[in-house]
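As structure tokens, the structure follows; a few thoughts come after it.
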Amino acid sequence: MKIRAYVFPLILALVLVMGGQIGLTAAGAFTGTQKEIVRTKRAYKKYKHKLIVLKRKIPRLEAKLATAKKSRAFAGKKYIDLSKRRNRISEGTISLTPKQITKAKIAYKKYKNKLLQLRRAIPKLQARLKVAKKSKAFARKKYFDLAKRLKYLRSQKPVEILDPGAGATPGDNDPGATDPGDATIPGGNTGGGSVWELGVGMPEAYNSLPALEGKLGQKLEIFLWYQSLAENFDVGLAEWLWQRGTKIQLAWEPHNPSKSPGNQPEYRLTAITRGDYDSQIRRWAQQIKDFGHPVYFRPMCEMNGDWVAWGAYTNGNQPEEYIPAWRHVRNIFREVGADNAFFIWSPNRAGDETSAEEIFDLFYPGDAYVDYVGINGYNWGLMYDTPTWTSRWQSFKEVFGPMYRVAAERTNKPVFISETASTELGGSKATWINNAFAQIRASYPRIKAVVWFNYNKETDWRIDNNDTNLEAFRTSAFN
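Written out as structure tokens, the structure reads:
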């Protein structure tokens with residue numbers, strides 16, 4: 008009997024030890040090394056694929072650039088020849104029929120326009136090529152580092168840890184983890200369901216916002232407005248909004264709004280980083296701190312474009328200069344103690360996941376410097392047909408899907424649709440609105456807020472420009 012009493016515990020202990028060594032542990036447990044191998048293998052495949060894509064993309068860009076340069080040289084020569092011919096015609100040194108003169112004028116205008124287009128297109132191609140080469144170098148390094156790590160992990164003995172799915176506390180590596188800042192951020196929603204905050208950006212708030220809410224029969228929770236660095240924080244508007252229960256999204260722009268964005272050397276990213284504007288940034292931080300209520304603070308958005316003075320591809324800026332500038336601004340706010348400013352990092356949307364990954368690689372300042380990941384994106388429909396860009400009708404999924412998926416992989420931060428809207432050129436805006444909010448409910452649980460750009464600007468983006476669009480927003484966005 009004594010022998011039998013010792014046999015069962017001994018066998019049980021032996022089974023548990025052996026199970027632990029081969030990864031067969033109690034329910035909800037698996038080996039730490041196995042988990043690391045899975046994660047590392049996934050990352051390894053991702054960067055391997057990215058490297059393959061870039062190896063194909065770079066030669067295509069180089070070929071396009073070479074063709075554009077060759078075309079520019081040809082167009083330049085033709086333009087000069089036709090200019091000389093035009094001068095001789097006007098001087099009367101050569102005689103041509105009216106038909107020949109008309110043909111000469113058409114050819115002159117044609118090559119002049121082509122030359123202008125190529126002069127704009129070539130710098131953009133050069134910038135894209137530069138980014139692609141930098142991304143390739145980064146992906147190559149990550150690929151080899153991950154290959155080494157995978158080899159190392161496979162040589163290690165497994166260590167038993169709990170699977171997060173078996174009751175562990177969500178952590179930094181859990182995509183569904185609650186963001187620690189949500190406890191202190193107003194209306195914090197970690198994206199666990201179909202709840203989001205709704206907001207609008209409008210040219211004016213005091214009259215237009217209550218009027219729009221009256222049409223909708225619902226209260227909007229966020230108001231978006233824009234201010235430049237040289238201005239003071241509009242505390243009067245902020246107080247009015249806060250008193251009526253509306254939160255603030257402030258797009259903060261270091262530029263001169265009266266000048267072309269590509270010709271503002273005083274507002275280059277390096278000027279911000281080296282401290283040229285520290286006193287003004289401190290003033291902003293102090294004014295927001297004194298306001299005393301939460302502010303969704305969105306500095307230097309759409310940095311991946313060439314239409315803003317802080318853009319990485321214009322105004323003499325370089326992509327690698329953006330992150331130091333952002334961190335410099337955030338650090339000043341921390342020094343001042345403006346903890347009520349919650350920073351939203353919001354690039355312009357990406358057309359595919361490779362581009363979205365490049366944007367994160369180049370411009371994301373890091374989780375320690377960002378409270379929310381914002382995405383700006385619009386359905387431009389059939390508005391544009393130019394040599395550099397032809398727009399098309401795009402669904403919410405096409406506009407936001409790639410950037411959202413990369414954001415969900417790279418960070419646990421909640422996601423803001425910080426600016427969006429749809430045109431009516433090429434489709435039904437009302438249908439787009441209905442489908443957008445249906446898609447958010449079905450596939451985008453991390454979205455915390457949606458802010459509609461309610462302006463009549465490049466096109467009439469407004470939701471209240473007719474009753475059909477207004478009703479679509481009222482019935483789909485609030486339910």
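Numbered by this note's numbering, the letters in the sequence shown go through residues 8 to 486 in order. Ideal Cβ positions, reconstructed from N, Cα and C, are used throughout, including at glycine.
Hey, quick one: how far does the beta strand (DSSP E) through R383 stretch, first residue to last?
-> Counting from one through the sequence shown, the residue named residue 383 turns up at place 376. For clarity, residue 383 is Asn in the given sequence; the question names Arg instead. Here the beta strand (DSSP E) through N383 covers 379 to 386.
If we call anything under 8 Å between Cβ atoms a contact, is N386 one with Q401?
-> Residue numbering aside, residue 386 sits at position 379 when the sequence shown is read from its first letter. Residue numbering aside, residue 401 sits at position 394 when the sequence shown is read from its first letter. Yes, these two residues count as a Cβ contact at 8 Å.
What's the gap between the Cα of Q225 and the Cα of R481?
-> Start at 1 with the first residue of the sequence shown, and residue 225 comes out as number 218. Start at 1 with the first residue of the sequence shown, and residue 481 comes out as number 474. Taking the straight line joining both Cα atoms gives about 8 Å.
Whole-number beta carbon distance between T430 and G381, since they are thought to touch under 8 Å | Residue mapping note: residue 381 aligns to position 374 of the sequence shown, counting from 1. Residue mapping note: residue 430 aligns to position 423 of the sequence shown, counting from 1. That belief does not hold up - the Cβ atoms of G381 and T430 are roughly 21 Å apart, past 8 Å.
Between which two residues does the alpha helix (DSSP H) harbouring K450 extend?
-> Translated into positions along the sequence shown, residue 450 becomes position 443. According to the sequence shown, residue 450 is Ser rather than Lys. Per DSSP, the continuous alpha helix (DSSP H) segment holding S450 begins and ends at 436 to 450.
Collapsed DSSP secondary structure at A456 in the structure displayed | Indexing the sequence shown from 1 puts residue 456 at position 449. Note: A456 maps to strand in three-state DSSP.
What are the residues that DSSP puts in a beta bridge with I351?
-> Counting from 1 along the sequence shown, the entry for residue 351 is found at position 344. DSSP lists Y379 as partners of I351.
With 16 other Cβ atoms within 10 Å as the buried cut-off, status of K116 = On the sequence shown, residue 116 is found 109 positions in, with the first residue counted as 1. The residue is exposed, with fewer than 16 neighbouring Cβ atoms inside 10 Å.
Which residue's Cα is closest to the Cα of V138: P264, N324, T74?
-> If you number the sequence shown from 1, residue 138 lands on position 131. Ranking the options by Cα distance to V138, first place goes to N324.
Excluding sequence positions up to five away, which residues of its chain have a Cβ less than 8 Å from the Cβ of I10?
-> On the sequence shown, residue 10 is found 3 positions in, with the first residue counted as 1. In this predicted model, I10 has a pLDDT of only 43, less than 50, meaning its place in the structure is not dependable; the value taken from the coordinates is given anyway. Leaving aside the five residues that flank I10 on each side, none in its chain has a CB nearer than 8 Å to its CB.
Looking only at C-alpha atoms, which of V413, I351, K62, K436 sits nearest to F145?
-> One-based indexing of the sequence shown puts residue 145 at position 138. Answer by Cα proximity: K62.
S483: first and last residue of the uninterrupted alpha helix (DSSP H) it sits in = On the sequence shown, residue 483 is found 476 positions in, with the first residue counted as 1. For S483, the enclosing alpha helix (DSSP H) has its first and last residue at 474 to 484.
When the Cα of C308 is compared with those of F370, G434, L136, which residue comes out closest?
-> Mapped onto the sequence shown, residue 308 falls at position 301. Of the candidates F370, G434, L136, the one whose C-alpha sits nearest the C-alpha of C308 is F370.
Give the secondary structure of W203 by DSSP, where H, G and I count as helix, E and B as strand, and everything else as coil.
-> Walking along the sequence shown from the start, residue 203 turns up at place 196. Residue state, collapsed to three classes: coil.
Smallest Cα separation from A345: which of M209, K296, T321?
-> Within the sequence shown, the letter at position 338 stands for residue 345. Looking at the Cα atoms, K296 is the closest of the given residues.
Skipping 5 residues on each side, what residues in its chain have a beta carbon closer than 7 Å to that of I255?
-> Taking the sequence shown and counting its residues from 1, one reaches residue 255 at position 248. Closer than 7 Å at the Cβ level, and outside the excluded window around I255, lie F230, A245, L248, V302, Y303.
Return the CA-CA distance between R469 and D313, expressed in angstroms with no decimal places.
-> For the purposes of this step, residue 469 is taken as residue 462 along the sequence shown, with counting starting at 1. For the purposes of this step, residue 313 is taken as residue 306 along the sequence shown, with counting starting at 1. R469 and D313: Cα-Cα distance of roughly 25 Å.
Would you mind stating whether V406 and R448 have Cβ atoms separated by less than 8 Å?
-> As a working note, residue 406 is residue 399 in the sequence shown. As a working note, residue 448 is residue 441 in the sequence shown. No, the pair does not count as a contact, with Cβ atoms beyond the cut-off.
In angstroms, rounded to a whole number, what distance separates the CA positions of K140 and Y320?
-> Residue mapping note: residue 140 aligns to position 133 of the sequence shown, counting from 1. Residue mapping note: residue 320 aligns to position 313 of the sequence shown, counting from 1. Distance between the alpha carbons of K140 and Y320: 15 Å.
Whole runs of the alpha helix (DSSP H) within the stretch 212 to 236, excluding any shorter than 4 residues | Counting only runs of 4 or more, we get 215 to 223.
How would you label L216, buried or exposed, when you count the other beta carbons within 10 angstroms and need 16 or more for buried?
-> Locating residue 216 in the sequence shown gives position 209, counting from the first residue. Around the beta carbon of L216, 16 or more other beta carbons lie within 10 angstroms, which makes this residue buried.
Quick one: what does DSSP say V422 is sitting in, helix, strand or coil?
-> Mapped onto the sequence shown, residue 422 falls at position 415. Shown here, V422 sits in a strand according to DSSP, grouped into three states.
Using the Cα positions of I44 and R147, report the straight-line distance between them to the nearest angstrom.
-> Taking the sequence shown and counting its residues from 1, one reaches residue 44 at position 37. Taking the sequence shown and counting its residues from 1, one reaches residue 147 at position 140. In a straight line, the C-alpha of I44 is about 19 Å away from that of R147.
DSSP on K296, reduced to helix/strand/coil?
-> Looking up residue 296 in the sequence shown gives position 289. The answer is helix: DSSP assigns K296 an H, G or I state.
What is the DSSP secondary structure of W259, reduced to helix, strand or coil?
-> Taking the first residue of the sequence shown as 1, we reach residue 259 at position 252. In this structure, W259 counts as strand in the three-state DSSP scheme.
Using DSSP bridges, identify the partner residues of A428.
-> If you number the sequence shown from 1, residue 428 lands on position 421. The partner list for A428 (beta bridge, DSSP) reads Y385.
Have a look at N322, A111, K158, A50 and flag the residue whose alpha-carbon is nearest the alpha-carbon of K266.
-> Within the sequence shown, numbered from 1, the residue matching residue 266 stands at position 259. Taking each of N322, A111, K158, A50 in turn and checking the Cα distance to K266, the smallest one comes out for N322.
Tell me D392's beta-bridge partners as DSSP assigns them.
-> Within the sequence shown, residue 392 is the residue found at index 385, counting from 1. The partner list for D392 (beta bridge, DSSP) reads T397.
What separation, rounded to the nearest whole angstrom, lies between the Cα atoms of K88 and N94?
-> Numbered from its first residue, the sequence shown carries residue 88 at position 81. Numbered from its first residue, the sequence shown carries residue 94 at position 87. Looking at the sequence itself, residue 88 is Asp, so the reference to Lys does not match. Going from the Cα of D88 to the Cα of N94 covers about 10 Å.
Give the C-beta separation of E426 and V458 to the nearest angstrom, bearing in mind that I take them to be a contact with Cβ-Cβ under 8 Å.
-> By 1-based counting over the sequence shown, the position of residue 426 is 419. By 1-based counting over the sequence shown, the position of residue 458 is 451. Indeed they touch by this definition, with Cβ atoms about 6 Å apart.
Would the stretch 119 to 139 and the stretch 67 to 75 be scored as touching if the rule is three or more Cβ pairs under 8 Å?
-> Cβ pair count under 8 Å is three or more, so yes.
For V315, three-class secondary structure by DSSP | Sequence index remark: in the sequence shown, residue 315 carries index 308 (1-based). Collapsing the DSSP output to three states places V315 in coil.
Take G269 and list the residues in its own chain whose beta-carbon comes closer than 6 Å to its own, dropping the five residues that flank it on each side.
-> What you label residue 269 is simply residue 262 of the sequence shown in a count that begins at 1. So the list reads T321, N322, once near-sequence residues are dropped.
Near N472, what residues of its chain come up, given a Cβ to Cβ distance below 6 Å and the 5 sequence neighbours on each side ignored?
-> Here residue 472 refers to the residue found at position 465 of the sequence shown. For N472, there are no CB contacts under 6 Å within the same chain when 5 residues up- and downstream are skipped.
N463, DSSP secondary structure in three states | Here residue 463 corresponds to residue number 456 of the sequence shown, with the count starting at 1. Of the three classes helix, strand and coil, the one that applies to N463 here is strand, per DSSP.
By how many angstroms is the C-alpha of I440 removed from the C-alpha of G252?
-> Within the sequence shown, the letter at position 245 stands for residue 252. Within the sequence shown, the letter at position 433 stands for residue 440. Computed Cα separation, rounded: 25 Å.
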